[in-house]
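Report on the following structure.
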Amino acid sequence: MPENPNPQGKGLVPILQGIDRHRLDRLLPPKKIDQVQMELFTSMFVLKSAIRFNPVPGERYFLYQTDGCYKLLMVGPAEWSTPYRGRYIGECILHEDRTWSMALDPAMTHDEAFMQEITAEQDKLQAALENAESVADVLPVFEEALGYNSRILAYILGKSLGLSMDMAGIGELSYEEAKGLLTHEEQS
Numbered sequence: 002m003p004e005n006p007n008p009q010g011k012g013l014v015p016i017l018q019g020i021d022r023h024r025l026d027r028l029l030p031p032k033k034i035d036q037v038q039m040e041l042f043t044s045m046f047v048l049k050s051a052i053r054f055n056p057v058p059g060e061r062y063f064l065y066q067t068d069g070c071y072k073l074l075m076v077g078p079a080e081w082s083t084p085y086r087g088r089y090i091g092e093c094i095l096h097e098d099r100t101w102s103m104a105l106d107p108a109m110t111h112d113e114a115f116m117q118e119i120t121a122e123q124d125k126l127q128a129a130l131e132n133a134e135s136v137a138d139v140l141p142v143f144e145e146a147l148g149y150n151s152r153i154l155a156y157i158l159g160k161s162l163g164l165s166m167d168m169a170g171i172g173e174l175s176y177e178e179a180k181g182l183l184t185h186e187e188q189s
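Structure, rendered in structure tokens:
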């Protein structure tokens with residue numbers, strides 16, 4: 002038997018590349034509570050959609066709603082040969098720190114039911130932050146209700162935001178204490 006039966010690392014390379022794609026030891030910026038709150042809300046809103054592929058940081062994706070369910074797709078509204086049967090919500094981008102940003106389609110800002118849904122979700126996050134012992138307690142760890150890709154991305158999002166909050170010194174603070182730091186910094 003050869004000393005190393007797999008000298009090229011076949012089979013291992015894709016796994017290692019996949020892990021490397023999600024490394025968090027890159028320099029992450031410290032983030033204040035308002036930025037954490039906004040990024041957590043937007044990211045979890047995107048991640049609650051059905052994602053049937055492995056998103057790549059820096060790429061554009063498109064959020065749709067079909068039959069009451071959100072779906073993240075790689076095809077934009079102008080790229081369909083026949084109109085997609087769902088409602089276009091907006092364009093999403095996964096960032097290197099595994100947070101998501103989303104640009105809503107202008108039509109959605111006039112959709113009263115959708116905006117009420119957004120407000121209700123923001124209120125839930127606000128209540129969770131206010132009732133948690135520390136801000137870090139609200140970060141996603143294992144979200145069983147999410148699909149496979151979303152669950153992995155939510156876990157990495159929680160680690161990323163946690164590291165950024167630790168660097169900012171707010172990771173173990175309560176929401177009110179973290180907000181107090183903002184007020185104190187504004188007064189200085």
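When the letters of the sequence shown are read in order and numbered with our numbering, they come out as residues 2 to 189. Backbone N, C-alpha and C define an ideal beta-carbon position, used for all residues, glycine too.
- DSSP places residue 163 in the uninterrupted alpha helix (DSSP H) bounded by 149 to 169.
- Straight-line measurement puts the Cα of residue 77 at about 11 angstroms from the Cα of residue 84.
- Shortest Cα-Cα distance from residue 131 to any of 82, 71, 174 and 87 involves 174.
- Counted as a single uninterrupted DSSP element, the beta strand (DSSP E) harbouring residue 72 occupies residues 70 to 74.
- In this structure, residue 101 lies near residue 94, with their beta-carbon atoms less than 9 angstroms apart.
- In its chain, beyond the 5 residues on either side, 109 have a beta carbon closer than 7 angstroms to the beta carbon of residue 115.
- The Cβ atoms of residue 126 and residue 42 lie closer than 9 angstroms to each other.
- Closest option to residue 123, judged by alpha-carbon separation, among 45, 30, 33 and 31: 45.
- Its Cα nearest to that of residue 59, the residue 97 stands out among 97, 140 and 105.
- Each of 35, 151 and 136 was checked against the Cα of residue 163, and the nearest Cα belongs to 136.
- With 16 or more other Cβ atoms inside 10 Å of its own Cβ, residue 40 counts as buried.
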